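Reading the sequence shown from the start, the letters are residues 1 to 145 in this note's numbering.
Working notes, structure below.
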Amino acid sequence: MDWDFIAGHVNYWMFIVLMMTGLYIVVSSGNLVKKIVGLNIFQVAVFMLYISIGKITGGTAPIFPSDRQGHLEIDPTIVYSNPLPHVLILTAIVVGVATTSLGLALIIRIREEFDTIESDDLVKIEQQLTSADNKEHGEAMGGMA
Numbered sequence: 001m002d003w004d005f006i007a008g009h010v011n012y013w014m015f016i017v018l019m020m021t022g023l024y025i026v027v028s029s030g031n032l033v034k035k036i037v038g039l040n041i042f043q044v045a046v047f048m049l050y051i052s053i054g055k056i057t058g059g060t061a062p063i064f065p066s067d068r069q070g071h072l073e074i075d076p077t078i079v080y081s082n083p084l085p086h087v088l089i090l091t092a093i094v095v096g097v098a099t100t101s102l103g104l105a106l107i108i109r110i111r112e113e114f115d116t117i118e119s120d121d122l123v124k125i126e127q128q129l130t131s132a133d134n135k136e137h138g139e140a141m142g143g144m145a
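If you want it as structure tokens, here you go:
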């Protein structure tokens with residue numbers, strides 16, 4: 001690989017770096033807010049990939065002129081960029097913001113209920129609640145409450 005190849009594909013290298021960074025944060029962190037941040041970094045990497053794929057060097061917006069009768073005058077020598085990836089990414093950004101806000105709202109409720117946002121602590125609390133529930137209702141459920 002030479003320097004021109006690396007510099008010419010910098011958007012793809014950034015995609016790889018951001019995706020692996022986001023994945024590492026999600027996997028390594030026990031804090032739920034950090035997991036949401038990692039998912040958002042991962043999501044931005046995917047956005048960059050799709051936008052990079054949709055960009056055509058020298059391409060223009062696919063706006064076709066029309067004559068007075070309403071017929072399109074399409075010039076086959078002009079290179080047009082595909083707008084579909086950009087439209088899909090705009091939709092994905094809106095969905096990403098909505099899911100991030102829902103995730104943060106759930107984290108707030110978890111913090112209010114259990115007084116922690118660390119996943120290891122939440123697992124311990126869940127085991128304690130399950131054990132207490134088994135002691136209370138175990139006989140009625142065959143010990144499988």
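A virtual CB, placed ideally from N, CA and C, is assigned to each residue, including glycine.
Computed from a predicted structure; not experimentally measured.
Closest residue to residue i among the options (Cα-Cα distance)
i	options	result
P76	L106, P62 and A105	P62
L39	A105, S131, E136 and T100	T100
Span separating the alpha-carbon of residue i from that of residue j
i	j	result
I125	I108	17 Å
I51	T21	19 Å
I36	P85	24 Å
Q127	G103	23 Å
Own chain partners of residue i with C-beta closer than 6 Å, once the 5 adjacent residues on each side are dropped
i	result
L49	F15
L72	F64 and S66
Spatial neighbours of residue i in its chain, beta-carbon cut-off 8 Å, leaving aside the 5 residues before and after
i	result
I93	F47
V79	I56, G58, G59 and T60
Exposure label - residue i; buried when at least 16 CB within 10 Å
i	result
I25	buried
I53	exposed
L129	exposed
Same chain, Cβ closer than 7 Å to residue i, five either side skipped, listed in chain order
i	result
M19	F42 and A45
Quick one: complete alpha helix (DSSP H) runs, 4+ long, within the stretch 16 to 99? 32 to 54
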